[in-house]
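Asker: Please read through the structure below; I'll follow up with questions.
Numbering (our numbering), first residue to last: 3 to 256.
Structure representation (structure tokens):
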């Protein structure tokens with residue numbers, strides 16, 4: 003793919019050709035293998051040919067690039083409109099490499115003319131760019147509509163409460179009974195539910211949640227620090243209850 007279609011500019015020394023980087027690296031690797039084999043000399047070459055296991059390596063090193071691989075290298079740079087595929091839409095095989103025109107003229111006779119003799123312009127396809135932008139805008143609109151749909155109902159708030167380990171019914175005006183279990187046991191149960199193990203986690207041990215003297219729930223650490231005057235907030239900053247923004251401040255006048 004010359005960077006210009008102007009014949010006068012293409013004949014200058016500054017003219018370059020745009021190729022697939024994977025194709026150039028593949029040709030370079032093949033040349034290194036052949037050069038390494040030829041440097042070993044005729045005797046080493048004949049001994050390797052006589053060995054059936056080495057014959058495959060010799061033929062592979064001296065073989066040229068397979069013709070069926072050349073269109074694949076060309077397709078990695080071109081799009082469905084026979085233009086240069088935008089770099090932002092290319093995969094790993096779509097990386098490009100600039101080669102001087104003088105070097106490409108030496109390599110050109112070794113490859114089929116119908117594949118690399120088209121002289122396409124090295125300008126990215128505007129239709130592909132416009133299509134990609136339209137698809138991205140449509141995806142963003144769909145994402146926004148889905149977010150607004152969830153935000154108009156209580157689904158989003160329920161998901162937030164579930165993520166923060168608070169049941170949705172905790173903020174319900176109806177009287178509901180809740181059962182407190184250790185967070186460590188809850189995580190073990192979730193891991194058991196997701197795995198294929200048949201042995202469930204051990205029994206629920208609430209000794210760490212209950213006061214040994216009064217058999218009542220232990221005061222949370224955040225409340226204990228608040229009552230002792232260490233902090234001025236009743237709820238911890240990272241574990242605050244969602245939907246509850248009330249802040250209690252100690253009265254120093256007392």
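For each residue, glycine too, the CB sits at the ideal point set by N, CA and C.
1. State the beta-bridge partners of residue 80 as determined by DSSP.
2. Give the secondary structure of residue 102 by DSSP, where H, G and I count as helix, E and B as strand, and everything else as coil.
3. Expressed to the nearest angstrom, what Euclidean distance is found between the alpha-carbon atoms of residue 139 and residue 155?
4. Tell me residue 126's beta-bridge partners as DSSP assigns them.
5. So, using beta-carbon positions, are residue 20 and residue 98 closer together than 7 Å?
6. Measure the CB-CB distance between residue 220 and residue 206 and report whether it falls below 7 Å.
7. Which of helix, strand or coil does DSSP assign to residue 17?
8. Quick one: what's got a C-beta closer than 7 Å to residue 125's C-beta in the same chain, skipping five residues either side?
9. Please classify residue 79 as buried or exposed, where buried requires at least 16 neighbouring CB atoms within 10 angstroms.
10. Tell me which residue opens and which closes the alpha helix (DSSP H) that residue 39 is part of.
Answerer: By the coordinates alone:
1. For the purposes of this step, residue 80 is taken as the residue at position 78 of the chain shown. Beta-bridge pairing links residue 80 to 86.
2. By 1-based counting over the chain shown, the position of residue 102 is 100. DSSP places residue 102 in strand when its eight states are reduced to three.
3. In the chain shown, counting from the first residue as 1, residue 139 sits at position 137. In the chain shown, counting from the first residue as 1, residue 155 sits at position 153. The straight-line gap from Cα to Cα measures roughly 25 Å.
4. One-based indexing of the chain shown puts residue 126 at position 124. Residue 126 pairs with 86.
5. Here residue 20 refers to the residue found at position 18 of the chain shown. Here residue 98 refers to the residue found at position 96 of the chain shown. Yes, they are a contact pair.
6. For the purposes of this step, residue 220 is taken as the residue at position 218 of the chain shown. For the purposes of this step, residue 206 is taken as the residue at position 204 of the chain shown. No, the Cβ-Cβ distance between residue 220 and residue 206 is not below 7 Å.
7. By 1-based counting over the chain shown, the position of residue 17 is 15. Secondary structure of residue 17 (DSSP, three-state): coil.
8. Reading the chain shown from its first residue, position 123 is the one you call residue 125. Around residue 125: 86.
9. Working through the chain shown from its first residue, we reach residue 79 at position 77. Classification for residue 79: buried.
10. By one-based count along the chain shown, residue 39 stands at place 37. First-last of the alpha helix (DSSP H) with residue 39: 23-41.
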